[in-house]
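Trainee: Following this message is one structure expressed as structure tokens.
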Amino acid sequence: MFWLVSVVSLLILSCMWIRKKYSYFENKGLPFYPHPKFPLGNLWGVGKVKHSGLFICDIYEYLKKKDILGGVFFFVRPIVVPIDLDLIKEILVKDFSAFPDRGIYVNERDDPLSGTLIALPGQRWKNLRIKLTPTYTAKKLKMMHGTMTAVAKEFEACLDKHTGQDVEFADIISRFTTDIIGSVAFGIECNSLKDPNAEFLKMAKKVSDVRGIKFLKRFFLTLFPNVGRTLHMSTTPKDVADFFMGTLREIINHRESNNIKRDDFLELLMQIKNTGQVDGENVGRMSFDELSAQTFLFFIAGYGTSAFTTTFALYELALNKNVQDRARDEVMEIFKKHGEFSYEACMEMKYIDQVIKETLRLHPILPNLIRTLSHDYMIPNRNVTFEKGTFFSIPVFGIHRDPDIYPNPNEFDPERFTDENIRSRHSCAWLPFGEGPRGCIGKRFGIMEIKIALGTLLSKFTIQPTSRTPIPMVYEPTVTILTPKGGMWLSIDKI
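Mapped onto mature numbering (1 follows the signal peptide of the UniProt record, and there is no 0), the consecutive letters of the sequence shown carry residue numbers -23 to -1, 1 to 472.
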């Protein structure tokens, strides 16, 4: 009898606890996405049958009709979803000090590569940002440009072998970006374009694969980081960490022993590690683990975000021949003017820039931005206060597909990003790189990398859809970033 009473009491207390958790937004008088169910909250089906980006779009459309903000439940954790663009600007820019962190899991004790710029909290992020900012100046990008165009020649040769064929471009572009990042970040030839089984490519694919249980693990560690650190949980597979850190040690030792200097990202980080300076500017020294984490971030960001943005851009160019023709005309005119694919030529590609921005609007690789509260915070002009540690999820995908901001939002139209049209919109109506102090530090590098890929292809080839091209686009639901399901099949012909 005692055990029966205990079990019944435990069930009653559990039900009361769950009900209290799922009453969070109701108690604050705010709308929330309907029907959260224990234990996943509103996440049922997300990552299995529906991509999280489409889920975010659903949340945005539902809450927009209700209020300037509302909520959703990830497991039993309440997540605040701001809808109003002025409120989003408060969060990302004006009241940044209240929302300084991204809530990404960091466990440098067990996983040194987790200590990246995008993940570190508070003052540690600020200190590291100061060190890294000089490495992303226009001068440094120009320095790296020649290395990138050398890889572009290999890219052109690879494409030349596939003319007249159905080509899975997500694979080829990921190999291209792997070779670029390997050359710029590590100063080595990865040879991914020549060898689909290259070691660097295999490692990049492995760390980027967060499907199934890995998907849920990432969610769990984001929401319950202290539990993860107590259990010594890491997000980087051990063999990947050993490979990257071991490779870096070998490269650095070789360069230092032989007094070798290169125009690449690693050389800049080595300057910081050894002298605390970049070109005479004092920024403070960096440990080997810090250097490793930032190089790793540079590599993975280039492999994932740049590769899939380029892939989606090629998809849209294939489906919109008038846009493709205009983009090619610009590339040809600029190449004729400069005689080569110089840094200056890259910077002059205004229409290509519009194509990239419209691609990122329609297919934002990161469909939402997470920020966490550093202290209790009252929403401006509202009698609603949220507690320290509360997660805010900015619905980038929903904003980018809002017909009130972008008429006919599912159509691909680079004219949305003329200077005049950009000025006519709210500054937070386009957020693929975030906004404010924690916006993406590598934005200009990423766009330059994409321009090089598009310019190289358009100058030599036409691109068109095939019977295997996904129309309309279907996103792979089992990964967190936006990727095409089943690959991206297109065909190319020489001009």
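Don't be surprised by glycine CBs; every beta carbon is placed ideally from N, CA and C.
Within 10 Å of its beta-carbon, does Arg305 have 16 or more other beta-carbons around it, so buried, or fewer, so exposed?
Mentor: Taking the sequence shown and counting its residues from 1, one reaches residue 305 at position 328. Counting Cβ neighbours within 10 Å, Arg305 comes out buried, since at least 16 surround it.
Trainee: Could you give the DSSP three-state label for Tyr354: helix, strand or coil?
Mentor: Numbered from 1 along the sequence shown, position 377 holds the residue referred to as residue 354. Strand.
Trainee: Is the distance from the Cβ of Arg393 to the Cβ of Glu310 below 7 angstroms?
Mentor: Translated into the one-based positions of the sequence shown, residue 393 becomes position 416. Translated into the one-based positions of the sequence shown, residue 310 becomes position 333. Contact: no.
Trainee: In angstroms with no decimal places, state the Cα-to-Cα distance between Phe221 and Ile157.
Mentor: Within the sequence shown, numbered from 1, the residue matching residue 221 stands at position 244. Within the sequence shown, numbered from 1, the residue matching residue 157 stands at position 180. Cα to Cα, Phe221 sits roughly 16 angstroms from Ile157.
Trainee: What number of angstroms, rounded off, separates the C-alpha of Val204 from the C-alpha of Glu166?
Mentor: Mapped onto the sequence shown, residue 204 falls at position 227. Mapped onto the sequence shown, residue 166 falls at position 189. Taking the straight line from one Cα to the other gives about 40 angstroms.
Trainee: Please work out which residues of its chain come closer than 8 angstroms, Cβ to Cβ, to Phe73, disregarding the five sequence neighbours upstream and downstream, and give them in chain order.
Mentor: Position 96 of the sequence shown, counted from the first residue, corresponds to residue 73. Around Phe73: Gly413, Pro414 and Arg415.
Trainee: Please state whether DSSP places Thr282 in a helix, a strand or coil.
Mentor: On the sequence shown, residue 282 is found 305 positions in, with the first residue counted as 1. Of the three classes helix, strand and coil, the one that applies to Thr282 here is helix, per DSSP.
Trainee: Can you give the Cα-Cα distance for Thr110 and Val161, rounded to whole angstroms?
Mentor: The count along the sequence shown starts at 1 and reaches residue 110 at position 133. The count along the sequence shown starts at 1 and reaches residue 161 at position 184. Their Cα atoms are separated by approximately 17 angstroms.
Trainee: Using the three-state DSSP reduction, which class does Ile277 fall into: helix, strand or coil?
Mentor: Here the question's residue 277 lines up with position 300 in the sequence shown. If DSSP states are grouped into helix, strand and coil, Ile277 belongs with the helices.
Trainee: Using C-beta distances below 6 angstroms, list every residue in its chain close to Val308, excluding the 5 sequence neighbours before and after it, in chain order.
Mentor: For the purposes of this step, residue 308 is identified with residue 331 of the sequence shown, where counting begins at 1. Result list for Val308: Gly432, Leu435 and Ser436, in chain order.
Trainee: Note down the Cα distance separating Glu453 from Ile237, rounded to an integer number of angstroms.
Mentor: Indexing the sequence shown from 1 puts residue 453 at position 476. Indexing the sequence shown from 1 puts residue 237 at position 260. Each residue's alpha carbon lies about 43 angstroms from the other.
Trainee: Which class does Asp302 belong to by DSSP, given the choice of helix, strand or coil?
Mentor: Within the sequence shown, the letter at position 325 stands for residue 302. Annotated three-state conformation of Asp302 is helix, per DSSP.
Trainee: Taking only runs that begin and end inside the stretch 202 to 275, name each unbroken alpha helix (DSSP H) of 4 or more residues, in chain order.
Mentor: Counting only runs of at least 4 residues, the stretch 202 to 275 fully encloses the following alpha helix (DSSP H) elements, listed from N- to C-terminal order: 202 to 207, 215 to 235 and 242 to 252.
Trainee: Grab me the residues of Ala322's own chain with a C-beta within less than 7 angstroms of its C-beta, minus the 5 sequence neighbours each way, in chain order.
Mentor: On the sequence shown, residue 322 is found 345 positions in, with the first residue counted as 1. Cβ-Cβ distances below 7 angstroms link Ala322 to Ile311, Phe312 and His315 in the same chain, with the five nearest sequence neighbours on each side left out; the list follows chain order.
Trainee: How would you call Arg152, buried or exposed, if buried means at least 16 neighbouring beta carbons within 10 angstroms?
Mentor: Counted from its first residue, the sequence shown places residue 152 at position 175. Per the 10 Å Cβ criterion, buried.
Trainee: Determine whether the beta carbon atoms of Thr457 and Val187 lie at a separation below 7 angstroms.
Mentor: Position 480 of the sequence shown, counted from the start, is the residue given in the question as residue 457. Position 210 of the sequence shown, counted from the start, is the residue given in the question as residue 187. A contact, by the Cβ cut-off of 7 angstroms.
Trainee: In chain order, which beta strand (DSSP E) runs of at least 3 residues are fully inside the stretch 369 to 451?
Mentor: 438 to 442
Trainee: Please report how far the alpha carbon of Pro89 lies from the alpha carbon of Trp407, in whole angstroms.
Mentor: Within the sequence shown, the letter at position 112 stands for residue 89. Within the sequence shown, the letter at position 430 stands for residue 407. The straight-line gap from Cα to Cα measures roughly 33 angstroms.
Trainee: If you draw a straight line from the C-alpha of Tyr10 to the C-alpha of Gly366, how long is it?
Mentor: Here residue 10 corresponds to residue number 33 of the sequence shown, with the count starting at 1. Here residue 366 corresponds to residue number 389 of the sequence shown, with the count starting at 1. Computed Cα separation, rounded: 21 angstroms.
Trainee: What does a CB cutoff of less than 7 angstroms around Gln248 pick up in its chain, not counting 5 residues either side in sequence?
Mentor: In the sequence shown, the residue the question calls residue 248 occupies position 271. Gln254 and Val255.
Trainee: Can you pull the DSSP bridge partners for Lys14?
Mentor: For the purposes of this step, residue 14 is taken as the residue at position 37 of the sequence shown. DSSP output for Lys14 lists Gly18 as bridge partner(s).
Trainee: What's the call for Asn84, buried or exposed, on a 16-neighbour Cβ count within 10 Å?
Mentor: If you number the sequence shown from 1, residue 84 lands on position 107. Buried, by the Cβ-count rule.
Trainee: What whole-angstrom Cβ distance do Phe51 and Leu200 have, given they're in contact under 8 angstroms?
Mentor: For the purposes of this step, residue 51 is identified with residue 74 of the sequence shown, where counting begins at 1. For the purposes of this step, residue 200 is identified with residue 223 of the sequence shown, where counting begins at 1. Confirmed, Cβ separation roughly 6 angstroms.
Trainee: Secondary structure at Val70, three-state DSSP: helix, strand or coil?
Mentor: In the sequence shown, counting from the first residue as 1, residue 70 sits at position 93. If DSSP states are grouped into helix, strand and coil, Val70 belongs with the helices.
Trainee: Counting along the chain, where does the alpha helix (DSSP H) carrying Ser29 start and finish?
Mentor: Translated into the one-based positions of the sequence shown, residue 29 becomes position 52. Segment Ser29 to Lys41, the alpha helix (DSSP H) holding Ser29.
Trainee: Do the stretch 359 to 377 and the stretch 17 to 35 make contact, defined as three or more Cβ pairs closer than 8 angstroms?
Mentor: yes
Trainee: Looking at C-alpha atoms only, which residue of Pro341, Val361 and Pro357 is the closest neighbour of Leu459?
Mentor: For this step, residue 459 is matched to residue 482 along the sequence shown. Each of Pro341, Val361 and Pro357 was checked against the Cα of Leu459, and the nearest Cα belongs to Pro341.
Trainee: Below 8 angstroms CB to CB, which residues in the same chain sit around Val300 once its five sequence neighbours on both sides are set aside?
Mentor: Counted from its first residue, the sequence shown places residue 300 at position 323. Glu293, Leu294, Val332, Phe389 and Pro391, listed in sequence order.
Trainee: Since Leu90 is in the alpha helix (DSSP H), which residue starts that stretch and which ends it?
Mentor: Numbered from its first residue, the sequence shown carries residue 90 at position 113. Leu90 -> no alpha helix (DSSP H), and no H or E assigned at all.
Trainee: Just curious, the beta strand (DSSP E) that Lys171 is in, first and last residue?
Mentor: Counting from one through the sequence shown, the residue named residue 171 turns up at place 194. Lys171 -> no beta strand (DSSP E), and no H or E assigned at all.
Trainee: The beta strand (DSSP E) that contains residue 473, what's its start and end?
Mentor: Nothing can be reported for residue 473: it is not among the residues displayed for the chain, which extend from -23 to 472.
Trainee: On the DSSP bridge assignment, give the partners of Ser151 in chain order.
Mentor: As a working mapping, residue 151 is identified with position 174 in the sequence shown. Ser151 is not bridged by DSSP to any residue.
Trainee: Taking the beta carbon of Leu136 as the centre, do at least 16 other beta carbons fall within 10 Å, making it buried, or is it exposed?
Mentor: As a working note, residue 136 is residue 159 in the sequence shown. Per the 10 Å Cβ criterion, buried.
Trainee: When the distance is taken between beta carbons, is Ser211 closer than 7 angstroms to Asp87?
Mentor: Along the sequence shown, one-based indexing puts residue 87 at 110. Along the sequence shown, one-based indexing puts residue 211 at 234. Yes, Cβ-Cβ distance for Asp87 and Ser211 is below 7 angstroms.
Trainee: Within 10 angstroms of the Cβ of Gln271, are there 16 or more other Cβ atoms? Answer buried if so, exposed if not.
Mentor: Along the sequence shown, one-based indexing puts residue 271 at 294. It counts as buried.
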